[in-house]
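*Asks:* Residue numbers (the numbering used here): 20 to 99.
For each residue, glycine too, the CB sits at the ideal point set by N, CA and C.
Since the model is a prediction, treat every value here as computed from it, not as a measurement.
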Amino acid sequence: GAWRRRARGKALGFDPCKVLGVVDDADERAVKKAYRKLAARWHPDKWAQAGEEKLKVADAKFKEIQKAYEMLTDNAYLDN
């Protein structure tokens with residue numbers, strides 16, 4: 020459940036709910052919607068012409084968003 024999401028994320032020094040901007044008990048639909056919105060905004064292809072520094076920031080942010088989404092949708096992660 021939701022408490023597992025936050026507890027496991029904090030144990031790893033990473034809060035997936037905070038990264039995606041969703042509440043702890045967000046349902047799968049809300050998580051997916053937040054992920055798609057942020058992934059579209061931070062996709063490195065959108066930042067390719069913005070310069071090397073901004074591209075690096077966007078790439079790091081995009082990877083963080085992907086990791087958060089994977090953590091919140093991975094049943095094996097939530098069940099352990």
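Here's a check: name, in chain order, each residue in its chain whose Cβ is nearer than 8 Å to the Cβ of Trp61, leaving out the five neighbours to either side.
*Replies:* So the qualifying residues of the chain are Ala77, Lys80, Phe81 and Ile84.
*Asks:* Check whether the Cβ of Asp93 lies closer than 8 Å to any Cβ atom in chain C.
*Replies:* As a matter of chain content, chain C is missing from the structure shown, which is built from one protein chain.
*Asks:* How is the alpha helix (DSSP H) around Ala45 delimited, first residue to last?
*Replies:* First-last for Ala45: undefined, no H or E at that position.
*Asks:* Please report how far the alpha carbon of Ala49 lies from the alpha carbon of Gly70, in whole angstroms.
*Replies:* Going from the Cα of Ala49 to the Cα of Gly70 covers about 32 Å.
*Asks:* Could you give the distance in angstroms between the alpha-carbon of Ala45 and the alpha-carbon of Leu74?
*Replies:* Distance between the alpha carbons of Ala45 and Leu74 is about 30 Å.
*Asks:* Count the other CB atoms within 10 Å of the CB of Val42; is the residue buried (16 or more) or exposed (fewer)?
*Replies:* Exposed is the call here.
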